[in-house]
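Participant:
What follows is the structure, given as C-alpha cells:
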C-alpha cells in the first residue's frame, strides 16, 4: 500500500484483523518471520545458496517473537543459528512465548549480554535485529546502546532498526544501522523521516495478509525518482550535495529567484548562492536567510562566478526579463 502508518495505526490494523477472526496473532507472526527470511534471501542471494551462521537478537515483545520465527526458519534451512533474548522468556507475550518454545525444540536461547561477545567475533553471515519494534518510545542505554552501536555486516532489522522511532525517524539514544529493513503491511513514517533513511538501509515491505484499505489519518507516500540520494548523513559536507547558483534580476525583480533558491535548499542542495547585480544587493540581502549572496554584474561577473568548480547547477531566468 502507498500509505505510511504510525505505530498506533499499525497496531489498530492488526488488532482489528485478529478480532474479526480473519487471522490469529500467531499466523501474523509466522508470516512476518517468513517475510524477513524471504526478503533477506532476495536481497543477498548468496545467503540462500548454502547454510551459514546467524545471530538473532530478540526483544521482550512481539518483535522478539518475529525474531524467534526467523531463527527457527533459518535453522530448518540448515543454518547455524544463535538466538539471544532480552529478559525472561516466561514474561514474553503469549504469541512470542509460543514461538520461543518452538525455537527451543531446535536450539537454545541465551541472554542478551552474551550477544556482545558473539557480535564482536564478527563471523556471522547475518545479524537479525528483532530487539525493539515500532512500539519503542524510550532511549536505549547501557548494554543495549552498546550492542546496537556495534557495526554488523549484513544486518537485517525486523520492522524497524532498534532505537529508531517509528513515527518520527529520530534516534532514541542509540540505534542499529541495518543494511536491510523488512517492515510489514505498510512502511512507517520513521523509515523516511529524520535519521530513518540513514539507519534502515534498503527497505522491503512484506505482505502479512492484512487487508488494504483507507486508514483515517494515514500519510500518503508519493515516491519521487532519485529522492533517496537526497538523504544527508550527520557528517555529510555541504558540497557533497551540490552547490546551486541562482541568478536574480535587478532591483524590484528578485522575488522569483529568491523563491527558486529556497526551493533548491528544500529539495536537498547542500549550498545555494544567489547571484545578484549591484543594484539589487541591498534588497536581496535584507530578505534572505540560509542562502549565500554573491555580486554578479554583467557578462564578466557571470564568467568569473562560473569559474568556481564547486558549482554543480545554474538557474537563470527568474526576473531576468
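In the numbering used here, the protein residues as written are 25 to 345. Beta carbons are placed, not taken as given, at the ideal position from N, Cα and C, and that holds for glycine. Note that this is a predicted model, so its numbers are computed, not measured.
1. Less than 6 Å between the CB of residue 152 and some heavy atom of the ligand SAM, yes or no?
2. Compare the C-alpha of residue 340 against each of 326, 333, 113 and 150 and name the closest.
3. Please confirm whether residue 298 and residue 336 have their CB atoms less than 7 Å apart.
4. Could you tell me the alpha carbon to alpha carbon distance between residue 277 and residue 290, rounded to whole angstroms?
5. Taking the C-alpha atoms as reference points, what is the distance between residue 187 and residue 73?
6. Is the CB-CB distance between residue 348 and residue 119 below 7 Å?
7. If the criterion is Cβ atoms closer than 7 Å, does the pair residue 161 and residue 181 meet it?
8. Residue range of the beta strand (DSSP E) that residue 299 falls in?
9. Could you say if the region 64-84 and the region 238-245 meet the contact criterion of at least three C-beta pairs nearer than 8 Å?
10. What residue does the alpha helix (DSSP H) around residue 119 start on, and which one ends it?
11. Which runs of the alpha helix (DSSP H) spanning at least 4 residues fall entirely within the region 185-242, listed in chain order?
12. Ends of the alpha helix (DSSP H) at residue 33?
13. On a CA-only basis, which of 77, 163 and 300 is nearest residue 97? Give me that one, please.
14. Which class does residue 152 belong to by DSSP, given the choice of helix, strand or coil?
15. Between which two residues does the alpha helix (DSSP H) holding residue 76 run?
16. How far does the alpha helix (DSSP H) with residue 268 in it reach, from first residue to last?
Facilitator: On the basis of the data shown:
1. Here there are no bound small molecules, and the ligand SAM is not part of this structure.
2. Minimum Cα distance to residue 340 is reached at 326.
3. Taking 7 Å as the cut-off, the beta carbon of residue 298 is found no closer than this to the beta carbon of residue 336.
4. In this structure, the alpha-carbon of residue 277 lies about 22 Å from that of residue 290.
5. Residue 187 and residue 73 have their C-alpha atoms some 32 Å from each other.
6. Since the displayed the chain opens at 25 and closes at 345, residue 348 lies outside it and no answer follows.
7. Between residue 161 and residue 181, the C-beta spacing is not below 7 Å.
8. Residue range 295-300 is occupied by the beta strand (DSSP E) that includes residue 299.
9. Too few Cβ pairs lie closer than 8 Å, so no.
10. For residue 119, the enclosing alpha helix (DSSP H) begins and ends at 118-128.
11. Listed in chain order, they are 220-224.
12. Following the DSSP letters along the chain, one finds residue 33 inside the alpha helix (DSSP H) bounded by residues 31-43.
13. Between residue 97 and the set 77, 163 and 300, the nearest pair of CA atoms involves 77.
14. Residue state, collapsed to three classes: strand.
15. No residue range can be given for residue 76, since it is assigned to no alpha helix (DSSP H) and is classified by DSSP as neither H nor E.
16. Secondary structure note for residue 268: it is in no alpha helix (DSSP H), and the uninterrupted beta strand (DSSP E) holding it is 267-271.
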